[in-house]
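**Q**
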Ligand SMILES: Nc1ncnc2c1ncn2[C@@H]1O[C@H](COP(=O)(O)OP(=O)(O)OP(=O)(O)O)[C@@H](O)[C@H]1O
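What follows is the structure in structure tokens.
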């Protein structure tokens, strides 16, 4: 330990000189040691330093703390835990959601059970079971169940204690972790009457602020709302109003040497009431829905952080002097991205690049939790990789730092999600061993003044005891009183200025809220529901973002197109598949017709449309493949009928995103199948034509070949006949000569019978050879023909099977 760099604390002098016993000094030392400080005494000088600390602030803390704790009894209740920080384990809760409709449809088995603080997983087809113990295990599967944990139960058990801590001056953080669709957003934000932790927390913070006002404590709330997506941070309460800027600019994190990491340029608005927060939340969620539209799966891959700063100022009067005491607490309520995204399977292959940045925050969160939990067990100080991701850097104080923190891990009870459920439970178990060091965040100026005042009080008492024997000390105390009065006046002035500033900030926030709302309205988004006019409402795969954006279809024409700053279009959308001018919607006395622009993809109830279509209540409208809407027509609902199809049960018509998506996929599948069938038929037809042409060609070739062969045969025959007649001529000439010769011998005899026979034999042989040649040729011709026929046959059968050889 480098004592030289640290501030030493004189623990003895004031106390001893003011008559405090040595025992009391020893007691102080003991208490400091209990609080994590080491003390050393050399003569009258005692020093205290924080164990394992390396900053001089830690010493300052002790100094002020010691004086505050031991000198000012009146405020000791406020100073509870004001020391360097109190150990505070992260509270961990599990919530099991009901089976969703998909799981119900597939008759999924429930494999999770809850008993007291314990959550148990029973893998099917196995005797083995896995049990985990947490601070809370909430069973929210069946509302009829006796141990059902409602939104209120979860809030009361997990979030309410944090709210109490906020009013004691501590920072607080609650983050929801779990697989996509496991109920994080339901628990954090909830739905209307099923409000979740964030709206309940906000409502109660204002109720509590009103309560403490009676004790002269004013509580000011500032709020911010942002999301971290793809390692980029986006403000959800401020849109980019710069010309032609449709993409939001990402904010950066900076680190303040004392206050820690913060988001530079993030808007923080003063909220004067719960209604204010609700309006900001609605605006933030609309911004989120607008940004998420057209980006498949985005919402479950982004982390949203709702942050508040609660500043409490307490006015006290002591000896006719007004004293102010300020405490500032930072609150982070975090809805994390779906945890399965951090699994290795998702970060390989195609998703590798995307996953690497999307999951960096979740993966780093895992590493941070694991390192912190190791640190608790080994008592070593390992490296914690907070700065490896935006989220962990921002939540640095909430994880292992100065904050009261709770983690809610949400799981599905279905057997299909067993692996993810087990991994979530293991994660949560690790988080349970994290120990934070939380302290009350109070204004150091206030504390110094209060401490000085206490010091003077002691000097006064001393002066009273010593009956004016030490005039010098009395004078100095009077001097200090004057200086204190001066400081108090300054403090008072600052407070009045702060109050004024707060009022101005509130008015400015109101103005900004209106401006932000106007920006959204410019793009066609409505804030108030006009229950007479037909409208389009957005559908999103994240139920939290569904039905967030409402576009009213007024009487006349509404043009729909790409969002551009100066665009006059009634509905402006973003996304690659949205055309500059996408479609036109006309409302003529309640009859709403959609006319798509050429080449702008527009689907109605899953069908790609290119002609004007009349819309009816409940119709699904998909623009550019990514923007899903449901068309609502209040008048049709009132009349209880759809113009073209007669009466309808309107409830049935209110289809959700999944229905619209399935419908589109089904219709696209059918269209693709029809296109494939058409292409197949066309290919078959073309092949048949080719075959026919080939057959004709072969036929022609065959005929030509046959003609050629026949000609050759005829030629051969002619040659044979010529040869035969030549031979016959020769033979008869020969015979004539022989006869003449014989006659010459005066012996007129006929050619011998043997000679005649030989000649005939030769002739016969010749004819036979000729016949053989003829047959051979005929056979070859038959083989050629046979070969052609079988080739043709093969082609035909190949064409039947749809493959071309
Ligand atoms: N405790 C619960 N009781 C009733 N319904 C619930 C509960 N938890 C979740 N649900 C329903 O389950 C669906 C998915 O929940 P939710 O959107 O909160 O999941 P998520 O974990 O936030 O998902 P993502 O990571 O995609 O944001 C929603 O329709 C929601 O209404």
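Numbering (full-length UniProt numbering), first residue to last: 1 to 805. For each residue, glycine too, the CB sits at the ideal point set by N, CA and C.
Residue ranges of each alpha helix (DSSP H) run of no fewer than 4 residues wholly in the stretch 417-461, ordered along the chain?
**A** The stretch 417-461 contains these whole alpha helix (DSSP H) runs: 418-431.
**Q** Across the stretch 371-387 and the stretch 152-162, are there enough close Cβ pairs to call them in contact, namely three or more that are closer than 8 Å?
**A** These segments do not touch.
**Q** Using 8 Å as the threshold, is the stretch 307-315 in touch with the stretch 210-217, meaning 3 or more CB pairs across them?
**A** Segments in contact, yes.
**Q** Using CA atoms only, rank isn't needed, just tell me which of 224, 275, 784 and 326 is closest to residue 306.
**A** Of the candidates 224, 275, 784 and 326, the one whose C-alpha sits nearest the C-alpha of residue 306 is 224.
**Q** Would you give the residue range spanned by the alpha helix (DSSP H) that residue 197 belongs to?
**A** Element bounds for residue 197: 197-213.
**Q** Mind checking whether residue 410 and residue 184 have CB atoms under 8 Å apart?
**A** Yes.
**Q** Under 7 Å: does the beta carbon of residue 544 sit that close to some heavy atom of ligand 1?
**A** Residue 544 Cβ: within cutoff of ligand 1.
**Q** Alpha carbon to alpha carbon, what distance is there between residue 142 and residue 417?
**A** Answer to the nearest angstrom: the Cα atoms are 18 Å apart.
**Q** Can we say the stretch 579-591 touches the stretch 617-625, given the rule of at least three CB pairs closer than 8 Å?
**A** Verdict: yes, contact present.
**Q** In the structure shown, what three-state DSSP assignment does residue 327 receive?
**A** Residue 327: strand per DSSP, three-state reduction.
**Q** Run the proximity test for residue 178: is its beta-carbon closer than 7 Å to any non-hydrogen atom belonging to ligand 1?
**A** Correct: residue 178 has its Cβ closer than 7 Å to ligand 1.
**Q** As a quick exercise: from 195, 439 and 301, pick the residue whose alpha carbon is nearest that of residue 153.
**A** Nearest of 195, 439 and 301 to residue 153, Cα basis: 195.
**Q** Is it the case that the Cβ atoms of residue 435 and residue 376 are separated by a distance below 8 Å?
**A** Contact flag set, yes.
**Q** Quick check: does the Cβ of residue 823 come within less than 7 Å of any heavy atom belonging to ligand 1?
**A** Limits of the chain in this structure are 1 at one end and 805 at the other, which puts residue 823 out of reach.
**Q** Going by the C-beta, is residue 410 closer than 7 Å to any heavy atom of ligand 1?
**A** Residue 410 Cβ: within cutoff of ligand 1.
**Q** Quick check on the burial criterion: 16 or more other C-beta atoms within 10 angstroms. Buried or exposed for residue 676?
**A** Under this definition residue 676 is an exposed residue.
**Q** List the whole-angstrom C-beta distance separating residue 615 from residue 594, where the pair is believed to meet the contact cut-off of C-beta under 8 Å.
**A** Indeed they touch by this definition, with Cβ atoms about 6 Å apart.
**Q** Helix, strand or coil: which one does DSSP assign to residue 612?
**A** In this structure, residue 612 counts as coil in the three-state DSSP scheme.
**Q** Provide the residue(s) that pair with residue 118 in DSSP beta bridges, ordered along the chain.
**A** BP columns for residue 118 point to 115 and 133.
**Q** For residue 728 and residue 735, what's the separation of their Cα atoms in angstroms?
**A** Residue 728 and residue 735: Cα-Cα distance of roughly 10 Å.
**Q** For the alpha helix (DSSP H) that contains residue 369, what are its first and last residues?
**A** 360-378 is the span of the alpha helix (DSSP H), which, as asked, contains residue 369.
**Q** Counting C-beta neighbours from all protein chains within 10 Å, is the total for residue 696 16 or more, i.e. buried, or is it exposed?
**A** Exposed: under 16 other Cβ atoms inside 10 Å.
**Q** Whole angstroms is fine: what's the gap from residue 606's alpha carbon to residue 268's?
**A** Approximately 42 Å, taken between the alpha carbons.
**Q** Indicate the three-state DSSP secondary structure (helix, strand or coil) for residue 731 in the structure shown.
**A** Residue 731 falls in the helix class under three-state DSSP.
**Q** Bridge partners of residue 89, per DSSP?
**A** Its beta-bridge partners are 435.
**Q** Does the distance from the CB of residue 303 to the CB of residue 336 come in under 8 Å?
**A** For residue 303 and residue 336, yes; Cβs fall inside 8 Å.
**Q** Would you tell me roughly how many angstroms separate the C-alpha atoms of residue 785 and residue 707, rounded to the nearest one?
**A** Taking the straight line from one Cα to the other gives about 13 Å.
**Q** Report back the beta-carbon spacing between residue 197 and residue 221 to the nearest angstrom; my notes put them in contact at under 8 Å.
**A** That belief does not hold up - the Cβ atoms of residue 197 and residue 221 are roughly 16 Å apart, past 8 Å.
**Q** May I ask which residues mark the beginning and end of the alpha helix (DSSP H) holding residue 812?
**A** With the chain covering only 1 through 805, there is no way to say anything about residue 812.
**Q** For the 8 Å Cβ check, are there 3 or more pairs between the stretch 420-429 and the stretch 167-187?
**A** Segments in contact, yes.
**Q** Where does the unbroken beta strand (DSSP E) through residue 224 begin, and where does it stop?
**A** Per DSSP, residue 224 belongs to the beta strand (DSSP E) from 217-229.
**Q** What does residue 559 pair with, by DSSP beta-bridge criteria?
**A** Answer by DSSP bridge pairing, in chain order: 584.
**Q** Alpha carbon to alpha carbon, how far is residue 509 from residue 503? Give it in angstroms, no decimals.
**A** Spanning the two alpha carbons is a distance of roughly 10 Å.
**Q** Per DSSP, what kind of secondary structure is residue 268 in: helix, strand or coil?
**A** Three-state result, residue 268: coil.
**Q** Taking the beta strand (DSSP E) that residue 97 falls in, what are its first and last residues?
**A** First-last for residue 97: undefined, no H or E at that position.
**Q** Do residue 661 and ligand 1 come close, with the Cβ less than 7 Å from some heavy atom?
**A** No, the beta carbon of residue 661 sits no closer than 7 Å to any heavy atom of ligand 1.
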